[in-house]
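Engineer:
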Amino acid sequence: MSSNPTGGPTDATRGAAPSSTHYVAALDETPLVGVDTVKVAEKRSNLWIDAWQDVRGRPMFWISAALILVVALVALFPGLFTQTPPNNNCILGNSNGGPADGHPLGFTKQGCDIYSRIVHGTSTSLSVGFIVIVLTTTLGILFGSFAGFYGGWVDAVLSRVGDIFFSIPYILAAVVIMSVLSQYRSVWSISLAIGVFAWPSTARVLRSEILRVKNADFVMASTALGLSRFKILLKHVLPNSIAPVIVITTISLAAAIVAEASLSFLGVGLGSNIMSWGNDINQAQNDLRTAPQTLILPSIALSVTVFAFISLGEVVRDALDPKARALR
Amino acid sequence: MSEPLSTSAAVKPLLEIKNLQVGFQTQNGLVPAVNGIDITLMPGQTLAIVGESGSGKSTTAHAIINLLPGSGRITGGEVLFEGRDLTQLNEKQLEEVRGRMIGFVPQDPMSNLNPVWSIGFQVEEAIRANGIATGKEVKQHAIRVLKEAGLADADKRLRQFPHQFSGGMRQRVLIGMGLSSRPKLLIADEPTSALDVTVQRVILDHLATLTREIGTAVLFITHDLGLAAERAEQLVVMYKGKVVESGPSREILENPMHPYTQRLVAAAPSLASRRIQSSNKNLSDLGYSAPRAAEGLDLVEAAEARAAQQASTPVAGGPAIKVDALTKIYKIRGAKRDARDFKAVDDVSFTVERGTTMALVGESGSGKSTVAKLLLRLEDASSGTVAIGGTDTAALRGRALLDLRRKMQPVFQDPYGSLDPLRNIGNTIAEPLQVHRVGDRASRRARVDELLDQVALPSALATRYPNELSGGQRQRVAIARALALKPDIVILDEAVSALDVLVQAQILRLLADLQAELGLTYLFITHDLAVVRVIADHVCVMQRGKIVESSTVDKVFDNPQQDYTKELLNAIPGANLKLGV
Chain A
1 MSSNPTGGPT DATRGAAPSS THYVAALDET PLVGVDTVKV AEKRSNLWID
51 AWQDVRGRPM FWISAALILV VALVALFPGL FTQTPPNNNC ILGNSNGGPA
101 DGHPLGFTKQ GCDIYSRIVH GTSTSLSVGF IVIVLTTTLG ILFGSFAGFY
151 GGWVDAVLSR VGDIFFSIPY ILAAVVIMSV LSQYRSVWSI SLAIGVFAWP
201 STARVLRSEI LRVKNADFVM ASTALGLSRF KILLKHVLPN SIAPVIVITT
251 ISLAAAIVAE ASLSFLGVGL GSNIMSWGND INQAQNDLRT APQTLILPSI
301 ALSVTVFAFI SLGEVVRDAL DPKARALR
Chain B
1 MSEPLSTSAA VKPLLEIKNL QVGFQTQNGL VPAVNGIDIT LMPGQTLAIV
51 GESGSGKSTT AHAIINLLPG SGRITGGEVL FEGRDLTQLN EKQLEEVRGR
101 MIGFVPQDPM SNLNPVWSIG FQVEEAIRAN GIATGKEVKQ HAIRVLKEAG
151 LADADKRLRQ FPHQFSGGMR QRVLIGMGLS SRPKLLIADE PTSALDVTVQ
201 RVILDHLATL TREIGTAVLF ITHDLGLAAE RAEQLVVMYK GKVVESGPSR
251 EILENPMHPY TQRLVAAAPS LASRRIQSSN KNLSDLGYSA PRAAEGLDLV
301 EAAEARAAQQ ASTPVAGGPA IKVDALTKIY KIRGAKRDAR DFKAVDDVSF
351 TVERGTTMAL VGESGSGKST VAKLLLRLED ASSGTVAIGG TDTAALRGRA
401 LLDLRRKMQP VFQDPYGSLD PLRNIGNTIA EPLQVHRVGD RASRRARVDE
451 LLDQVALPSA LATRYPNELS GGQRQRVAIA RALALKPDIV ILDEAVSALD
501 VLVQAQILRL LADLQAELGL TYLFITHDLA VVRVIADHVC VMQRGKIVES
551 STVDKVFDNP QQDYTKELLN AIPGANLKLG V
């Protein structure tokens with residue numbers, strides 16, 4: 001910028017700078033740069049781009065993503081992974097038998113192929129997980145965003161409704177509902193039973209996020225532009241509040257899979273005609289001492305799936321939370 | 001520590017910082033924040049470190065008593081306190097020094113007192129920790145500390161909690177705690193930047209009296225050159241982690257040598273308003289030229305150019321804004337059915353002529369921002385009228401309200417909150433055009449480029465997101481968005497208050513240029529009377545919801561009528577500095 005100050009640097013002696021004299025640093029050691037010059041960085045950056053940059057470099061993200069991909073493939077195309085029918089052609093003579101040719105994991109008590117049953121049970125678990133999160137996220141976003149954004153009596157009513165549902169543990173509620181609905185045990189009914197009581201936590205997280213965002217100046221600026229309240233919610237407030245919901249959704253997907261398995265294990269879940277890991281674990285419990293593999297193997301499938309979703313949630317949370325990023 | 005002085009004539013420095021280097025550990029390795037600085041402070045002296053945010057001034061202060069945050073560490077140099085190198089001390093030894101020998105007053109009085117403990121508890125804790133008193137004496141001592149800090153009814157106040165104290169009172173408590181052990185050195189890190197100007201003045205006066213009585217040396221960190229020069233004998237100007245200039249305050253202000261210091265002197269509103277004032281001339285007759293280093297940043301020059309411009313453009317076509325008896329009453333929820341009425345805006349009337357700037361000045365809680373919200377129809381008035389271009393706005397609905405919004409746009413204070421972080425700059429600036437269905441996609445894009453150019457930002461930024469921008473650049477984007485619909489009126493609600501002085505000067509200049517170019521009418525809301533001197537034609541001073549004085553800027557500065565206005569004027573730092581232009 002400018003080369004020489006008007007007065008011209010005087011007898012500045014570097015390093016001495018005794019406090020009583022007037023010290024001026026040499027200009028070449030403290031060059032001036034323009035005020036507030038714009039540097040257009042090479043890469044764009046916002047919350048999502050930065051988060052993607054962050055997760056991309058983490059092995060845990062790729063491990064959990066790969067696991068989820070495999071689980072999803074198994075669920076969608078079980079035929080790709082096994083040709084052995086899981087239900088038919090079960091030979092009682094193979095009951096609780098060890099691995100055999102073409103049956104790498106052995107047999108269940110009924111003499112069915114364990115590997116095939118695990119493969120075919122995957123879609124049940126994932127379906128329940130996805131239906132539940134669609135339900136909880138939809139309800140959570142509706143209740144949370146309206147309560148947080150509109151406040152006042154809307155908030156009072158919606159939040160109290162949420163509190164009522166929140167006060168009942170969703171697993172207990174699901175046990176009760178499924179016992180009552182014993183005639184209609186299906187993937188849909190069990191998902192409904194879990195989801196209907198699991199949404200308030202999503203709503204609460206979103207509500208507090210919305211309360212934070214809605215007072216930002218950019219919301220006021222949009223109001224002053226003449227944008228309607230509802231459009232402001234959709235265009236500005238919700239997109240800036242949704243990050244924690246995504247984290248909570250990934251983790252509640254895992255929780256829903258566990259809940260289905262728990263209900264099936266307790267015998268109030270899916271009907272025995274539907275193949276699911278929970279049902280298989282339930283049926284294997286009597287033979288735990290003689291044939292532990294019949295219980296342990298579907299449990300491992302369950303654990304790996306749940307682990308994949310939970311670690312994905314953890315990774316995404318770290319990436320979306322700038323504070324957590326600063327600490328690392 | 002009491003070594004006999006070898007030569008009786010030479011007073012040993014209390015604090016000697018030699019070639020101090022501090023770095024912060026980040027993902028990209030060690031980033032230096034302080035780059036080899038030397039500072040010498042004599043006993044009983046007051047020294048101010050001045051610099052912008054990021055200059056390393058606070059880091060230096062924190063490094064002295066090793067209060068650096070987790071990722072920061074001292075990478076070289078010495079901090080000699082009475083000859084002892086503080087950087088070599090272990091944690092235990094440092095605790096002996098902190099509080100007892102070196103007191104510390106933090107920046108934010110709101111977060112530096114623990115809200116769950118009473119004031120008395122916290123003061124007593126500090127007294128015990130510093131071993132000043134024990135047993136029953138502690139309480140007596142705490143009362144004395146608070147009395148010294150200027151809280152008259154200290155014995156009653158002991159049992160109160162931080163939320164029952166105002167910001168100024170909390171800062172008094174913190175100052176009291178910092179001085180409770182009669183330290184030889186007090187480090188005050190922007191002690192009053194969160195407070196109103198009149199409170200700032202009182203607190204700093206008090207701090208000066210106290211430290212003079214005790215004989216404590218003060219290391220004062222501030223971003224305000226005027227404040228620093230007024231409060232300290234010695235000045236150290238920091239820039240990008242280095243000392244660019246140091247010496248006696250008066251000398252530096254009157255004869256700044258380093259181009260950076262020249263810029264700071266030129267851009268500080270407090271100094272600029274003093275310079276204009278002490279010249280005893282009309283702005284249009286100043287005939288002033290800025291030093292070359294400060295080109296485009298000199299506020300006196302900007303004010304002069306603006307005055308000339310305003311004089312040459314005739315005012316035409318009636319008032320742009322006419323506010324009459326505007327009142328806003330809030331209901332305050334109290335204990336059971338004890339709802340009180342609170343008049344945030346009380347019978348406010350003023351008129352703003354087309355193409356001029358009206359400044360609305362007041363301290364926090366004066367109702368100035370509420371006036372802005374009422375004008376913008378973000379809230380509805382309890383009574384009174386607002387006429388924009390002759391139309392009463394209260395009854396406007398739907399289409400008509402949308403048309404009003406087109407004529408009048410706001411820019412808000414917080415540069416980090418004023419832009420949606422998830423929308424790129426181009427979309428943010430184009431949003432007003434979309435909402436009002438102006439033009440098609442291509443013409444909107446052209447308009448965005450034009451607007452970016454007007455606020456001196458490259459058009460490449462259109463596809464970028466706000467978090468790449470500095471505070472000043474964000475405010476430019478906010479200004480561009482406000483101008484998108486070609487409004488007649490822009491309401492600037494503390495729009496430059498959160499910016500560093502140089503950036504602030506740049507934005508003030510930009511605003512003046514835009515006004516001249518587009519014939520805009522500004523309502524400029526601020527707490528800083530000094531800024532008003534260089535940007536506004538008229539000023540209304542607000543206090544507790546009422547306008548106490550309203551006149552042209554020249555008249556208010558030359559001949560203030562109300563005590564409150566005089567108080568505000570006196571609170572502009574540098575009152576006793578005589579500065580020619």
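For the protein sequence lines, the chains are A and B, in the order given.
Numbered according to the UniProt record's numbering, the first sequence spans residues 1 to 328.
Numbered according to the UniProt record's numbering, the second sequence spans residues 1 to 581.
The beta carbon of each residue, even a glycine, is placed where N, CA and C say it ideally should be.
Note that the structure is a prediction, hence the values are computed from the model and not measured.
Can you tell me which of the three DSSP states A387(B) falls into?
Structural biologist: The residue you call residue 387(B) lines up with position 387 of the second sequence. In this structure, A387(B) counts as strand in the three-state DSSP scheme.
Engineer: Closer than 8 Å by C-beta to L327(A): which residues in its own chain qualify, once you throw out the five before and the five after it? Chain order, please.
Structural biologist: Counting from 1 along the first sequence, the entry for residue 327(A) is found at position 327. Because L327(A) carries a pLDDT of 43, less than 50, the predicted location of this residue cannot be relied on, and the following value inherits that uncertainty. Hits under 8 Å: none found.
Engineer: Does the distance from the CB of K328(B) to the CB of G367(B) come in under 9 Å?
Structural biologist: Counted from its first residue, the second sequence places residue 328(B) at position 328. Counted from its first residue, the second sequence places residue 367(B) at position 367. Yes.
Engineer: With a 10 Å radius around its C-beta and 16 neighbouring C-beta atoms as the bar for buried, classify I91(A) as buried or exposed.
Structural biologist: Locating residue 91(A) in the first sequence gives position 91, counting from the first residue. The residue in question, I91(A), is exposed, as its Cβ has fewer than 16 Cβ neighbours within 10 Å.
Engineer: Is the beta carbon of I133(A) less than 9 Å from the beta carbon of G195(A)?
Structural biologist: In the first sequence, the residue the question calls residue 133(A) occupies position 133. In the first sequence, the residue the question calls residue 195(A) occupies position 195. It is a contact, given that the beta carbons lie within the stated cut-off.
Engineer: Of all the CB atoms in chain A, is at least one closer than 9 Å to the CB of V386(B)?
Structural biologist: As a working note, residue 386(B) is residue 386 in the second sequence. By this cut-off, V386(B) is not an interface position.
Engineer: Check whether the region 200–210 of chain B touches the region 18–30 of chain B, counting contact only when three or more Cβ pairs, one atom from each stretch, lie closer than 8 Å.
Structural biologist: No: the two stretches stay apart, fewer than three of their Cβ pairs being nearer than 8 Å.
Engineer: Taking DSSP as the reference, what is the three-state secondary structure of A25(A)?
Structural biologist: Taking the first residue of the first sequence as 1, we reach residue 25(A) at position 25. If DSSP states are grouped into helix, strand and coil, A25(A) belongs with coil.
Engineer: My understanding is that K214(A) touches V245(A), with C-beta atoms under 8 Å, so please give their C-beta distance in whole angstroms.
Structural biologist: Here residue 214(A) refers to the residue found at position 214 of the first sequence. Here residue 245(A) refers to the residue found at position 245 of the first sequence. No, K214(A) and V245(A) are not in contact; Cβ-Cβ is about 16 Å, not under 8 Å.
Engineer: From G72(B), T356(B), D414(B) and D346(B), pick the residue whose C-alpha is nearest to that of G318(B); which is it?
Structural biologist: Reading the second sequence from its first residue, position 318 is the one you call residue 318(B). Comparing Cα positions, the closest option is T356(B).
Engineer: Identify whether L30(B) lies in helix, strand or coil by the three-state DSSP scheme.
Structural biologist: Within the second sequence, numbered from 1, the residue matching residue 30(B) stands at position 30. Reduced to three states, the DSSP call for L30(B) is strand.
Engineer: Pick helix, strand or coil for F197(A), following the three-state DSSP scheme.
Structural biologist: Translated into positions along the first sequence, residue 197(A) becomes position 197. It is helical.
Engineer: Are there three or more Cβ pairs, one per stretch, closer than 8 Å when the region 49–61 of chain B is compared with the region 15–22 of chain B?
Structural biologist: In short, these stretches touch, since the Cβ pair count reaches three.
Engineer: Let me see if you follow: with CB-CB separation under 9 Å, is residue 335(A) close to chain B or not?
Structural biologist: Chain A is shown from 1 up to 328; residue 335(A) falls before or after that span and cannot be answered.
Engineer: Check whether chain A comes within 9 Å of K242(B), counting only Cβ atoms and requiring the distance to be less than that.
Structural biologist: In the second sequence, counting from the first residue as 1, residue 242(B) sits at position 242. Taking Cβ atoms only, chain A reaches closer than 9 Å to K242(B), which makes this a yes.
Engineer: Under three-state DSSP, which class holds P78(A)?
Structural biologist: On the first sequence, position 78 is the one that residue 78(A) refers to. Helix.
Engineer: Mind checking the region 19–31 of chain A against chain B and listing, in chain order, the residues whose C-beta falls within less than 8 Å of any C-beta there?
Structural biologist: Residues passing the 8 Å Cβ filter: S19, S20, T21, H22, Y23, V24, A25, L27, E29 and T30.
Engineer: Apart from the five residues on each side of it in sequence, which residues of its chain come closer than 6 Å, Cβ to Cβ, to D321(A)?
Structural biologist: As a first step, residue 321(A) must be located in the first sequence, where it is residue number 321. Same-chain partners within the cutoff: there are none.
Engineer: Spell out whether any CB of chain A is found under 9 Å from the CB atom of V105(B).
Structural biologist: Within the second sequence, the letter at position 105 stands for residue 105(B). With 9 Å as the cut-off, V105(B) does not count as an interface residue toward chain A.
Engineer: Between the alpha carbons of Q285(A) and N427(B), how many angstroms are there, rounded?
Structural biologist: For the purposes of this step, residue 285(A) is identified with residue 285 of the first sequence, where counting begins at 1. For the purposes of this step, residue 427(B) is identified with residue 427 of the second sequence, where counting begins at 1. One C-alpha to the other measures close to 60 Å.
Engineer: Under the three-state reduction of DSSP, which class applies to E353(B): helix, strand or coil?
Structural biologist: Sequence index remark: in the second sequence, residue 353(B) carries index 353 (1-based). Three-state result, E353(B): strand.
Engineer: Give the DSSP-derived three-state secondary structure of V361(B) in the structure shown.
Structural biologist: As a working note, residue 361(B) is residue 361 in the second sequence. Looking at V361(B) - three-state DSSP - the assignment turns out to be strand.
Engineer: Rounded to the nearest angstrom, what separates G93(A) and L80(A) at their Cα positions?
Structural biologist: One-based indexing of the first sequence puts residue 93(A) at position 93. One-based indexing of the first sequence puts residue 80(A) at position 80. About 27 Å.
Engineer: Which residues of chain B have a Cβ atom closer than 7 Å to the Cβ of L47(A), listed in chain order?
Structural biologist: Indexing the first sequence from 1 puts residue 47(A) at position 47. Correct list: P421 and L422.
Engineer: Can you tell which of N90(B), P269(B), S181(B) and A149(B) has its C-alpha closest to the C-alpha of R128(B)?
Structural biologist: What you label residue 128(B) is simply residue 128 of the second sequence in a count that begins at 1. It is S181(B).
Engineer: Shortest alpha-carbon distance to L204(B) belongs to which of A228(B), I252(B), S349(B) and D513(B)?
Structural biologist: Taking the second sequence and counting its residues from 1, one reaches residue 204(B) at position 204. Selected option, being the one with the closest Cα: A228(B).
Engineer: S443(B): buried (16+ other C-beta within 10 angstroms of its C-beta) or exposed?
Structural biologist: Reading the second sequence from its first residue, position 443 is the one you call residue 443(B). Exposed, since its Cβ has fewer than 16 Cβ neighbours within 10 Å.
Engineer: To the nearest whole angstrom, what separates the beta carbons of I425(B) and R464(B), a pair I think is in contact under 8 Å?
Structural biologist: As a first step, residue 425(B) must be located in the second sequence, where it is residue number 425. As a first step, residue 464(B) must be located in the second sequence, where it is residue number 464. Right, their Cβ atoms sit about 6 Å apart.
Engineer: Is D163(A) helix, strand or coil by DSSP?
Structural biologist: Taking the first residue of the first sequence as position 1, residue 163(A) is located at position 163. DSSP places D163(A) in helix when its eight states are reduced to three.
Engineer: Alpha carbon to alpha carbon, what distance is there between S159(A) and A128(A)?
Structural biologist: If you number the first sequence from 1, residue 128(A) lands on position 128. If you number the first sequence from 1, residue 159(A) lands on position 159. Rather than Ala, the amino acid found at residue 128(A) in this sequence is Val. Going by the C-alpha atoms only, they are around 27 Å apart.
Engineer: Ignore the nearest five residues each way along the sequence and tell me which others in D101(A)'s own chain have a CB closer than 7 Å to its CB.
Structural biologist: One-based indexing of the first sequence puts residue 101(A) at position 101. Closer than 7 Å at the Cβ level, and outside the excluded window around D101(A), lies no residue.
Engineer: Compute the Euclidean distance between the alpha carbons of G135(B) and T222(B), then round it to the nearest angstrom.
Structural biologist: Within the second sequence, numbered from 1, the residue matching residue 135(B) stands at position 135. Within the second sequence, numbered from 1, the residue matching residue 222(B) stands at position 222. The alpha-carbon atoms of G135(B) and T222(B) are separated by roughly 38 Å.
Engineer: If the cut is a Cβ gap below 7 Å, which residues of chain A does Q506(B) touch?
Structural biologist: Along the second sequence, read from residue 1 onward, the residue named residue 506(B) stands at position 506. What Q506(B) touches in chain A: V35 and D36.
Engineer: Is the separation between the beta-carbon of V244(B) and that of V35(A) shorter than 9 Å?
Structural biologist: Here the question's residue 244(B) lines up with position 244 in the second sequence. Here the question's residue 35(A) lines up with position 35 in the first sequence. Not closer than 9 Å, so no.
Engineer: I need the straight-line Cα distance from R58(A) to E314(A), nearest angstrom please.
Structural biologist: As a working mapping, residue 58(A) is identified with position 58 in the first sequence. As a working mapping, residue 314(A) is identified with position 314 in the first sequence. Using only the alpha carbons, I get a separation of about 12 Å.
Engineer: Report yes or no: is there a C-beta of chain B within less than 9 Å of the C-beta of R44(A)?
Structural biologist: As a first step, residue 44(A) must be located in the first sequence, where it is residue number 44. R44(A) counts as touching chain B.
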